[in-house]
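Taking it in order: structure first as structure tokens, then the write-up.
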Amino acid sequence: MDISAVLLYGWPGKEFSVGETYESLQWLSEDVPKPTLQEIENLWPECLNQIQIKIYKTELEKLLNSVAAQKDYRSQLSIVSYTSSSNPQWKAEADSFIDWRDALYSYALQVMDNVLNGNIPAPTLEDFLQGAPVIVWP
């Protein structure tokens, strides 16, 4: 991550041009003063956490869809639509998926809350996914 990401996060919609160093930062928005180096450095950890959270959310969506595909469903939305199916196997698969999805989101929200509140450092994506519950199919 570079200074541009922090500036876009902390000062959305503001115009700037960055070079190799803070001294080369050209602040083009006249309505707000140029952030100090200290302000940028202070925002860096929060920005990193927010980026990591976005990565977690993206990967959760991929995981949900790939797990649904294990049973030949087109997507997570497809499998959950079978929860009221008259076919016992499809209904059982949908119910198992929904139970797992709920556990997955409970886990993910707890981790993300702990990261954002500074209780834990943001785990790597690999560690985050390794800690996630595993589906148990019927």
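Just add 14 to wherever you are in the sequence shown, counting from 1, and you've got my numbering.
We put the beta carbon where it would ideally sit given N, CA and C, even for glycine.
On a predicted model such as this, the values are computed, not experimentally measured, just so you know.
For Glu-55, the enclosing alpha helix (DSSP H) starts and ends at 51-84.
Tyr-36 and Arg-115 have their C-alpha atoms some 44 Å from each other. Glu-73 places its beta carbon 8 Å or farther from that of Leu-130. The distance from the Cβ of Ala-146 to that of Leu-123 is about 12 Å, inconsistent with a contact at the 8 Å cut-off. Only residues of its own chain outside the window of five on either side were considered, and among them Trp-104, Lys-105, Glu-107, Ala-108 have a CB closer than 7 Å to the CB of Tyr-96, listed in chain order. When C-beta atoms of the stretch 82-100 are compared with those of the stretch 43-56, fewer than three pairs fall below 8 Å, so the two segments do not count as touching. According to the DSSP secondary-structure assignment, Ser-31 is paired through a beta bridge with Gln-40. Scanning Pro-152, Ser-100, Met-126, Val-150 for the CA closest to the CA of Asp-141 turns up Met-126.
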